[in-house]
Amino acid sequence: MQDYIVFGHGYDGEVRQFDNDLEFVRVVSKPVMMKAGDAIPPGANLQFFNLPVSVIQCDQHYYNVASDRQVSEDELRLAIMQENPLPVPR
Numbered sequence: 548m549q550d551y552i553v554f555g556h557g558y559d560g561e562v563r564q565f566d567n568d569l570e571f572v573r574v575v576s577k578p579v580m581m582k583a584g585d586a587i588p589p590g591a592n593l594q595f596f597n598l599p600v601s602v603i604q605c606d607q608h609y610y611n612v613a614s615d616r617q618v619s620e621d622e623l624r625l626a627i628m629q630e631n632p633l634p635v636p637r
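So my numbering is basically just the index in the sequence shown, starting at one, shifted up by 547.
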C-alpha cells in the first residue's frame, strides 16, 4: 500500500491509501457538509471518479498525486505539511 494525495471532487489534498504504483485511483465524491435537519439536495447520490495518478517531486521527495487538474506547488506543499504522506520509495 502507498499514500496518494487526492485533489478534486471534494478532496483538497487528503491522503488515502491504495495499492502500489497505480495509474488511476477510484474515489467516491465527497459529500457537502450540511446542517442537521437540512433536506438532502436532489442528486446527492454517491458518484465515483477515476483520477489519474502522477508522481510529483516536492522538496527532494516524490509523492503520488491523484487529481484531474494541475495541482500547484503551494497546494502540494500544504497537503504534505498537513497530511504527512509517505513519499514514494525510489
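The beta carbon of each residue, even a glycine, is placed where N, CA and C say it ideally should be.
Computed from a predicted structure; not experimentally measured.
Proximity to residue 573 across 549, 634 and 594 peaks at 594, based on C-alpha coordinates. A Cβ-Cβ distance of about 12 Å is found for the pair residue 577 and residue 560, leaving them out of contact under the 8 Å criterion. Close CB contacts of residue 597 within its chain, under the 6 Å cut and outside five residues either way in sequence, are with 571 and 573 (chain order).
For residue 632, the closest C-alpha among the options 562, 600 and 603 is that of 562.
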